[in-house]
Amino acid sequence: QPPPAAAKPTSFLDYMGQNASQVNPREVEAQLRAAAPILLDDEHVAFAFKLGRDSTVLTSHRLLIVDVQGRTGKSVEYRSVLYSAVSAFAVRTAGSFDRDVEVTFSTTLAWMPEIEQDLRKDNADLFAIQGWLAAMILEHNTAGPPPRPPQGYSPQSFLAWLGDNAAQASPAEVEAQLRNALPLLLGDESVLMAFKSGRDMTVLTNRRLLRVDRRGMTGKSVEYLSVPYRAIPAFGVQSAGSLSSDSQMRVYTTMGILTKAMLGQDLQKDKADIHAIQRKLMELC
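Under UniProt numbering, think of the first position of the sequence shown as 1, with each following residue one higher.
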């Protein structure tokens, strides 16, 4: 991963909005090795984000939060969260009027169920961050982070393709979109099932459940939520009633935020095979 360009000075609005800048990981690694024996010999910094005196660091082994405390800054907390404790992660792109993008970690830790990091939208390589997290957190990955898509790739073309209809989608078509329009899938990752509902989509790959959630009136802000199957201990499908046009799929996760622990997907009863979905979830989870 090449180091990003030097970060611009943090503006007042970014500082007040807690929007961190992506900084050079090699410089951060050198500083961590010089300041304190924090990193293991074989541990390396992949991404780092800085706001004021504090930093959030993604290494080859963990998520490291460096919290400089007190007026003098002599007290420093180094908080480590192992990737095995991350039950889901998400990246959110900026909307029309947003100054920031966002990376979110949902954990199994009662004392820290969620970690959010706002980043300046002009300074963060969001899909490269997503790819690194997928390579670190998803099970059985042997192919490394996703390859960069062809030059001129367009997330907007993916959103236009997504459209507004609700149906079970072609896995091959969805996989082509997630490789060519967006750099989301790992090299050895394949789409097994996909479901479109309104502006949103739920995808079952051989590595994770991927949720695409368009936010706001314009839908330009998009959250890409990844849940590894080890974090889904329960799931269910429900057939449509006589007065309902929708069947449902639900997954129950180990995410610490209770309002996010259950993910549901409405399905048109004549366009989705809920029993095939149930069998596939049983195989994956």
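Idealized CB from N, CA, C, for every residue including glycine.
Straight across, the Cα-Cα distance linking Gly-52 with Leu-178 is about 35 Å. By the C-beta density criterion, Tyr-229 is buried, having at least 16 other C-beta atoms within 10 angstroms. Judged by DSSP in its simplified three-state form, Leu-40 adopts coil rather than helix or strand.
Just so you know, the alpha carbons of Leu-243 and Lys-269 end up roughly 12 Å apart. Annotated three-state conformation of Leu-109 is coil, per DSSP. The continuous alpha helix (DSSP H) containing Met-136 extends over residues 126 to 137. Following the DSSP letters along the chain, one finds Arg-250 in no alpha helix (DSSP H) but inside the beta strand (DSSP E) bounded by residues 246 to 252. Looking at the DSSP output, Glu-29 bridges to nothing. When secondary structure is reduced to three states using DSSP, Leu-243 falls in the coil class, being assigned neither helix nor strand.
Here Ala-48 carries a strand assignment [DSSP, helix/strand/coil]. Arg-215 and Ala-34 have their C-alpha atoms some 42 Å from each other. Closest in C-alpha terms to Ala-90, from the list Leu-204, Leu-39, Ser-106, comes Ser-106. In this structure Glu-102 is buried. Its beta-carbon is surrounded by 16 or more other beta-carbon atoms within 10 angstroms.
Boundaries of the beta strand (DSSP E) around Glu-116: 114 to 120. Going by DSSP, Ile-274 is part of the alpha helix (DSSP H) stretching over 274 to 284. For Val-191 and Ile-38, the gap between their C-alpha atoms comes out near 39 Å.
The bridge partners DSSP lists for Asp-213 are Glu-223. Counting only residues of its own chain and dropping the five nearest sequence neighbours on each side, Ala-94 has a CB closer than 7 Å to the CB of Asp-100, Val-101, Lys-121, Ser-221.
Excluding five sequence positions before and after Thr-254, the CB atoms of its chain that fall closer than 6 Å to its own CB belong to Ser-87, Thr-108, Ala-231, given in chain order.
Taken through DSSP and simplified to helix, strand or coil, Ala-35 comes out as helix. Spatial neighbours of Ile-65 in its own chain (CB-CB distance under 7 Å, excluding positions within 5 residues in sequence) are listed in chain order as Thr-56, Arg-79.
In the structure shown, Leu-182 falls within a coil segment according to DSSP collapsed to helix, strand and coil. Only residues of its own chain outside the window of five on either side were considered, and among them Gln-22, Val-101 have a CB closer than 7 Å to the CB of Ala-124, listed in chain order.
Counting C-beta atoms within 10 angstroms of its own C-beta, Met-249 has 16 or more neighbours from the protein chains shown and is therefore classed as buried.
Per DSSP, reduced to three states, the secondary structure at Ser-84 is helical. DSSP, read as helix, strand or coil, puts Lys-271 in coil.
Nearest neighbour of Asp-266 by Cα position, chosen from Ile-277, Ser-197, Arg-208, turns out to be Ser-197.
For the options Arg-211, Val-28, Ala-240, Lys-74, the alpha carbon positioned closest to that of Val-251 is the one of Arg-211.
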